[in-house]
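Shown next, in structure tokens, is the structure this report addresses.
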Amino acid sequence: MGYNRENYARIRESYKTKYLKAYAEADRRLEEIHAKSPEIAEIDRQLARTGAEIAIAALGSGEGYQQKLASVEEQNRALQEQRAAELEKMGYPADYTLPPYECPVCMDTGFVDTKMCECMRRELILAAYESSGLGKLLQTQSFENFDLRYYATQGESRRSMAENFKKLKDYAEGFSPESGNLILCGSTGLGKTHLSTAVARCVIDKGYDVFYTGSIEMFADFEQARFGFGEEKQQANEGLSRYTDCDLLILDDLGTEQSNQFTSACLYMVLNNRINLRRPTIINTNLNGKEIQSKYADRITSRLFGEFSVIPFTGTDIRRQKLIKK
């Protein structure tokens, strides 16, 4: 999977901190208990000795070594029970001096053997939500709450949108680095943003790095990187890699930007790089085919119509329908 490198490095480091923090807290608790209970301190000294004896006995061989091992193990169990009883008398749980892991499955390492623990995977997904550029949209827009009833009385539009819904849901659920490119075309308020957000959510949940941005914001990033100054210019330059490196780029509202040679060159570069690297892209636009051809140069339109599957959105503005119902 293609987890965002910065998110992965940050979360991986946080797990190291969690692990060390849990052990430091266990040490602090042990000192606390030993200071309050000389009996438990003595039991722990005996447990250390029997632990060493178990290790030695386990390496033994010859006649009687198994009996010796069983005897030492039984002694160790009796001491553990005595220790737990002493802690209970003091009002503490039996595991009070063990490291208080946030995740007992991986013991705050993030991995079980060589497999990533589910707890770390959840943190990576939550971080991906935050860094995707979608903000609160991911909390409110999904396949589950996309309402086809707004197209119910619109004849062909209803059938067309049901097909679009299925295509995009299948695309999201089967997403891989080999998935193709999509361009969602249609007027405002027809569900392009909702369904592309639903795709992003599903793809992020599968462990891929998704970056969602508007065309105006993208070109502003390139402008800052080209014409900016100082630290802002450096940060903008560093951020441009996301347009190429992410597993799925979703570019919203293409066509709302002011067209000039600079924006055309930037758009061509992003499209061409991602096509050459075989990294999927989804584009949302309010423009139809003719408007795209009149707005962009041939080298861009040839990539949009030659490398992207077009999904047309039709119907009546859903936002307007909702306002009328109110």
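Sequential numbering from 1134 applies to the sequence shown in my numbering.
Virtual Cβ for every residue (Gly too), placed ideally from N, Cα, C.
Predicted model, so just to flag it, every value in this text is computed and none were measured.
Item: Between Asp-1378 and Asn-1417, is the Cβ-Cβ spacing less than 7 angstroms?; Value: no
Item: To the nearest angstrom, how far is it from the Cα of Glu-1440 to the Cα of Asn-1314?; Value: 7 angstroms
Item: Looking only at C-alpha atoms, which of Leu-1202, Glu-1158, Arg-1162 and Asn-1209 sits nearest to Leu-1180?; Value: Asn-1209
Item: Spatial neighbours of Ala-1188 within its chain, please: C-beta separation below 7 angstroms, excluding the five flanking residues on both sides.; Value: none
Item: Reducing DSSP to helix, strand and coil, say where Lys-1169 ends up.; Value: helix
Item: When the Cα atoms are used, what is the spatial distance from Ala-1157 to Tyr-1234?; Value: 11 angstroms
Item: Give the DSSP-derived three-state secondary structure of Ser-1442 in the structure shown.; Value: strand
Item: Please report how far the alpha carbon of Leu-1163 lies from the alpha carbon of Asp-1228, in whole angstroms.; Value: 11 angstroms
Item: Do you know how far the Cα of Tyr-1284 is from the Cα of Met-1294?; Value: 7 angstroms
Item: With DSSP as the reference, label Val-1238 as helix, strand or coil.; Value: coil
Item: Looking at C-beta atoms only, is the number of pairs between the stretch 1293-1312 and the stretch 1347-1363 that lie closer than 8 angstroms three or more?; Value: no
Item: Would you mind listing the beta strand (DSSP E) stretches within the stretch 1375-1428 that are 3+ residues and don't spill past its ends, in chain order?; Value: 1381-1387 and 1414-1418
Item: Tell me whether the stretch 1314-1325 and the stretch 1427-1442 touch, counting them as touching only if at least three CB pairs, one residue from each stretch, are closer than 8 angstroms.; Value: yes
Item: By the three-class DSSP mapping on this structure, what secondary structure does Thr-1247 have?; Value: coil
Item: Considering Cα atoms alone, identify which of Asp-1342, Asn-1406, Leu-1387 and Phe-1446 is closest to Gln-1426.; Value: Leu-1387
Item: On a Cα-Cα basis, can you pick out the residue from Gln-1367, Glu-1146 and Phe-1298 that is closest to Asn-1278?; Value: Phe-1298
Item: According to DSSP, is Tyr-1345 helix, strand or coil?; Value: strand
Item: Where Leu-1328 and Thr-1150 are concerned, what is the direct C-alpha to C-alpha distance, given to the nearest angstrom?; Value: 38 angstroms
Item: Between the stretch 1141-1148 and the stretch 1213-1223, do at least 3 Cβ pairs fall closer than 8 angstroms?; Value: no
Item: Report the option in Leu-1400, Glu-1365 and Leu-1153 whose CA atom is closest to the CA atom of Asp-1241.; Value: Leu-1153
Item: Just how far apart, CA to CA, sit Arg-1282 and Ala-1358?; Value: 44 angstroms
Item: How should Gly-1184 be labelled, buried or exposed, when 16 other C-beta atoms within 10 angstroms of its C-beta is the threshold for buried?; Value: exposed
Item: What residue from Gly-1243, Tyr-1401, Leu-1400 and Asp-1160 has the CA that sits closest to Arg-1254's CA?; Value: Gly-1243
Item: Which partner residues does Asn-1137 have in the DSSP bridge list?; Value: Paired residue(s): none; Asn-1137 is not in a bridge.
Item: Using the Cα positions of Val-1205 and Cys-1250, report the straight-line distance between them to the nearest angstrom.; Value: 35 angstroms
Item: If you follow the beta strand (DSSP E) that Leu-1373 is in, where does it begin and where does it stop?; Value: Premise fails: Leu-1373 is in no beta strand (DSSP E) and is neither H nor E.
Item: What's the gap between the Cα of Leu-1437 and the Cα of Ser-1290?; Value: 24 angstroms
Item: Under 7 angstroms, do Leu-1270 and Tyr-1262 count as touching if we go by C-beta distance?; Value: no
Item: At 4 residues or longer, and completely inside the stretch 1273-1322: list those alpha helix (DSSP H) runs for me, N to C.; Value: 1289-1306
Item: Can the beta-carbon of Ala-1333 be found less than 7 angstroms from the beta-carbon of Phe-1276?; Value: no
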